[in-house]
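Working notes for the structure below.
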Amino acid sequence: MRKPHTIIVYPAKDSSETTSVEEILKNTIRPEANVKIREFRKVKNQGVAVSCDSVKDIQSIISKLDGHNSAKEKVSHRIPGKRHPSIILYDLPNTITDQEVQEALKTYTEDGKNLRTRFKLKGRKPDTSHWVMEAARKHFLQLKRFRKIAVNWIMFQIKEFFHVKRCQFCQAFGHTRQNCKYTVPNCGICADRHSTSYCRSNFQLCINCEESNRNSGTNHNIRHRATDLSCPCYKKEIKAYKRTRDYL
């Protein structure tokens with residue numbers, strides 16, 4: 609499924625309007641406008657994010673808002689920009705401080721600005737964590753040249769991090785185990801109906817590629833695990849993710 613196009617609508621800064629943005633949108637974008645909305649959700653600062661499958665529908669929303677005298681005075685809108693790419697530092701000791709990490713990273717970038725720490729994941733070694741950090745394009749490209757960097761005289765692996773969700777229960781992309789709607793698992797090794805941790809099969813079959821071939825007419829190789837980094841379905845998710853990041 610293609611990634612939707614989105615517009616964010618906020619209350620106008622100088623408006624004393626008490627009607628919610630949601631109500632203003634409903635009153636302005638009438639059903640006869642034939643705008644196909646995929647998703648409608650509330651965001652920070654009393655805003656609303658509206659997602660559509662086509663740019664044409666987004667442009668229609670903008671035209672309706674800008675052409676409606678009442679709505680034009682009550683709301684403002686913007687198209688969300690691309691986010692910075694991310695890097696991940698593996699297995700940093702839990703005793704390490706943000707200042708120590710930032711100081712180490714500054715030695716590998718030109719202007720020495722701090723990176724934004726997005727979140728931390730449990731490390732592969734005891735008492736360690738993986739740090740996921742957001743880097744502006746310039747800093748990202750500088751850091752990407754290195755396979756390891758030194759923090760407190762210890763070398764740690766560094767790679768680009770892709771914000772791609774894959775459920776460890778059903779193996780599908782786009783959500784995690786916590787939000788999975790299925791009650792029976794799909795194995796990430798053989799695609800059978802059991803938990804991946806219980807699998808003892810030597811047979812490998814990717815359920816995502818198998819379903820893509822069956823439902824979408826693709827011709828993917830299916831003889832690999834769902835977690836394989838060379839999986840065609842995973843590569844498709846990475847390609848879609850990269851379109852949302854500012855690499856240029």
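According to the numbering used here, the stretch in the sequence shown is residues 609 to 856, in order.
Idealized CB from N, CA, C, for every residue including glycine.
Predicted, not measured: the structure shown is a model, and the values here were computed from it.
Count the other CB atoms, across all protein chains shown, that sit within 10 Å of the CB of Ser-809; report buried if there are 16 or more and exposed otherwise.
exposed
Following the continuous alpha helix (DSSP H) through Tyr-842, name the residue where it begins and the one where it ends.
840-850
Is the beta carbon of Ile-764 sitting closer than 8 angstroms to the one on Ile-846?
According to the sequence shown, residue 764 is Phe rather than Ile. Not closer than 8 angstroms, so no.
Measure the beta-carbon distance from Ile-815 to Asn-821 and round it to whole angstroms, keeping in mind my assumption that it falls under 8 angstroms.
Contact flag wrong, Cβ pair sits at about 11 angstroms.
Going along the chain, which residues of its own chain have a beta-carbon closer than 7 angstroms to the beta-carbon of Pro-701, five neighbours each way excluded?
Asp-735 and Thr-736
So, Ile-687 versus Val-740, is the Cβ gap smaller than 8 angstroms?
no
Along the alpha helix (DSSP H) that carries Thr-636, what are the first and last residues, could you check?
629-636
Buried versus exposed, by CB contacts within 10 Å (16 or more), Gln-779
Under the 10 Å beta carbon count, Gln-779 is surrounded by 16 or more other beta carbons and is classified as buried.
Which one of Tyr-716, Gly-720 and Cys-788 has the shortest CA to CA distance from Arg-753?
Tyr-716
Determine, using beta carbons only, whether Ile-669 and Val-643 come nearer to each other than 8 angstroms.
yes
Since I believe Val-617 is in contact with Val-658 (beta carbons under 8 angstroms), could you give me their beta-carbon distance rounded to a whole number of angstroms?
Confirmed, Cβ separation roughly 7 angstroms.
By Cβ distance below 7 angstroms, which residues in the same chain neighbour Ala-679 in space, the five residues on each side in sequence not counted?
Ile-632, Thr-636 and Leu-673
Taking C-alpha atoms, which residue in Lys-721, Asn-722, Leu-723 and His-738 lies nearest to Leu-729?
His-738
For the beta strand (DSSP E) containing Asp-699, name the first residue and the last one.
694-701
In terms of DSSP beta bridges, what is Pro-619 paired with?
Val-683
Would you call the CB atoms of Cys-795 and Phe-811 closer than 8 angstroms?
no
Could you give the DSSP three-state label for Leu-713: helix, strand or coil?
helix
Following the continuous alpha helix (DSSP H) through Val-663, name the residue where it begins and the one where it ends.
663-675
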